[in-house]
Amino acid sequence: MNSAMMVVLLLSAQPVPAPPAAPVPSGPPPVKSVDGAAGIAAIWKDSTITWDRLRPVLAELAGSAALQEVLLDEQLAQRARTRGIAPDAAALKREEELLLGYLDKDRARADRLLEELRARQGLGPVRWNGLLWR
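The opening position of the sequence shown corresponds to residue 0 in numbering that gives the first Met the number 0, with each subsequent residue numbered one higher.
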């Protein structure tokens with residue numbers, strides 16, 4: 000019996016493990032870089048600004064505030080895991096709907112108010128979803 004046949008027999012004799020359970024979200028979803036660490040952040044006139052060039056400036060401008068927010072997310076995620084809490088996309092949507100209901104009874108006005116609030120507070124999609132998750 001050749002070794003390839005023996006490997007096939009051994010593999011077929013092994014019990015097939017059950018597929019792993021889907022992981023439970025333990026915090027706001029991490030942000031994935033589209034361009035990688037050194038990708039292009041901006042193009043202005045004839046200049047290309049990379050994330051490697053921009054990152055130190057961003058860290059000086061808002062590094063401590065960003066770090067505080069990430070650490071808060073980590074602490075809350077750990078507490079949520081301990082308590083078996085795992086907010087999903089539907090839970091975040093319910094939170095947003097609840098907030099809109101508090102802002103105004105008129106949905107169009109509530110949407111405008113939320114848009115203005117997010118713009119004033121600098122709450123883009125990543126920070127907004129993190130806030131809803133919290």
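Think of the CB as a built atom: it goes at the ideal place given N, C-alpha and C, for glycine as much as any other residue.
For this session: Could you tell me whether the region 106-121 touches the region 50-60, where touching means 3 or more Cβ pairs closer than 8 Å?
Result: Touching, no, given that fewer than three Cβ pairs across the two stretches are closer than 8 Å.
Problem set entry | Buried/exposed call for Leu-131, threshold 16 Cβ in 10 Å | Buried is the label assigned to Leu-131, since at least 16 other Cβ atoms lie within 10 Å of its Cβ.
Exercise. Going along the chain, which residues of its own chain have a beta-carbon closer than 7 Å to the beta-carbon of Thr-47, five neighbours each way excluded?
Worked result: Excluding positions up to five away in sequence, the list reads Ile-39.
For this session: Check each candidate in Asn-128, Gln-67, Glu-73 and name the one with the smallest Cα separation from Lys-92.
Result: Closest by alpha carbon: Asn-128.
For this session: Determine the DSSP secondary structure at Arg-117, reduced to helix, strand or coil.
Result: DSSP places Arg-117 within a helical segment (H, G or I) once states are collapsed to three.
Exercise. Ala-85 lies in the alpha helix (DSSP H); which residues open and close that run?
Worked result: It is not in any alpha helix (DSSP H) - Ala-85 carries neither H nor E in the DSSP assignment.
Exercise. So Leu-75 packs on Arg-133, CB below 8 Å; how close in whole Å?
Worked result: Sure, about 6 Å apart at Cβ, within 8 Å.
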